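Numbering (the working numbering), first residue to last: 130 to 163.
Every residue, glycine too, gets a C-beta built ideally from N, C-alpha and C.
Given the structure is predicted, the values throughout are model-derived calculations rather than measurements.
Comments concern the structure below.
What follows is the structure in structure tokens.
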């Protein structure tokens, strides 16, 4: 099974982006409640 470099680079990046989006969403939700 060969993993293309594009997928190898894209996958960790997408996970980081997802985590960043979730943390940002959490901050916005906290500000709205306060």
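Item: Assigned secondary structure, residue 152 (DSSP; H/G/I helix, E/B strand, else coil); Value: helix
Item: Spatial distance of residue 144 from residue 159 (CA atoms); Value: 23 angstroms
Item: Coil, strand or helix - residue 143 by DSSP; Value: helix
Item: Nonlocal neighbours in the same chain, by C-beta distance under 8 angstroms from residue 141, ignoring five residues either side; Value: none
Item: Residue 147 to residue 134 span [Cα, whole Å]; Value: 20 angstroms
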